[in-house]
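Engineer: Below is one structure. I have some questions about it.
See the structure below:
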């Protein structure tokens, strides 16, 4: 009767499987790290959004508009974003998050807050709708793909 097959040393194919597994794990970890790093601005913007008070509470109301612009400038080239305002800005926000919330009404509230014409005229309902639209955009917008 022949001797039992030893468990060690393994066949050369197992070394190849181990090497490929290590490479795959390293690639997946790097990809997850890059994704987390690339989306860090979203997490920071959402945290800042949650700290914003309604317009009646003071002069911080315009910060929501600044927050959206800053987040967009982080993800897109300045040349595409910096000059956008009004309806063009609303269309950009809607297009990049696949929604129509800014064109439908939240955009008018956003403009009132951004340009300071009637902060007190923003109702609680309008503020909540705008804040919800901003949160939706921050979570769901699709930034241009980066190489890597």
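In this note's numbering, the protein residues as written are 379 to 526. No residue lacks a Cβ here, since even glycine has one placed at the ideal position from N, Cα and C.
1) Is it right to say residue 505 is buried, meaning 16 or more other beta carbons lie within 10 angstroms of its own, or is it exposed?
2) May I have a chain-ordered list of the alpha helix (DSSP H) segments no shorter than 4 residues that lie completely inside the segment 453-499?
3) Distance, Cα to Cα, residue 452 vs residue 459?
4) Using the three-state DSSP reduction, which class does residue 384 fall into: helix, strand or coil?
5) Restricting to Cα atoms, I'd like to know which of 522, 398, 430, 406 is closest to residue 473.
6) Cutting at 8 Å between CB atoms, please list the residues of its own chain near residue 528, excluding the five before and the five after it.
7) Check each candidate in 492, 482, 396 and name the one with the smallest Cα separation from residue 462.
8) Would you mind reading off the limits of the alpha helix (DSSP H) that contains residue 510?
9) Using 10 angstroms around the beta-carbon of residue 485, count the other beta-carbons present and answer buried if the total reaches 16, otherwise exposed.
10) Is DSSP giving residue 430 helix, strand or coil here?
Structural biologist: Walking through what the data contain:
1) Within the chain shown, residue 505 is the residue found at index 127, counting from 1. Buried is the call here.
2) 456-459, 464-475, 485-492
3) Start at 1 with the first residue of the chain shown, and residue 452 comes out as number 74. Start at 1 with the first residue of the chain shown, and residue 459 comes out as number 81. Their Cα atoms are separated by approximately 10 Å.
4) By one-based count along the chain shown, residue 384 stands at place 6. Three-state result, residue 384: coil.
5) Within the chain shown, residue 473 is the residue found at index 95, counting from 1. The residue with the shortest Cα to Cα distance from residue 473 is 522.
6) One cannot answer for residue 528 here, as it falls past the ends of the chain, which runs 379 to 526.
7) As a first step, residue 462 is located in the chain shown; it is residue number 84 there, counting from the start. Cα-wise, what sits closest to residue 462 is 492.
8) Residue mapping note: residue 510 aligns to position 132 of the chain shown, counting from 1. Counting along the chain, the alpha helix (DSSP H) containing residue 510 begins and ends at 502-518.
9) Residue 485 sits at position 107 when you count from the first residue of the chain shown. Buried, since its Cβ has 16 or more Cβ neighbours within 10 Å.
10) Taking the first residue of the chain shown as 1, we reach residue 430 at position 52. If DSSP states are grouped into helix, strand and coil, residue 430 belongs with coil.
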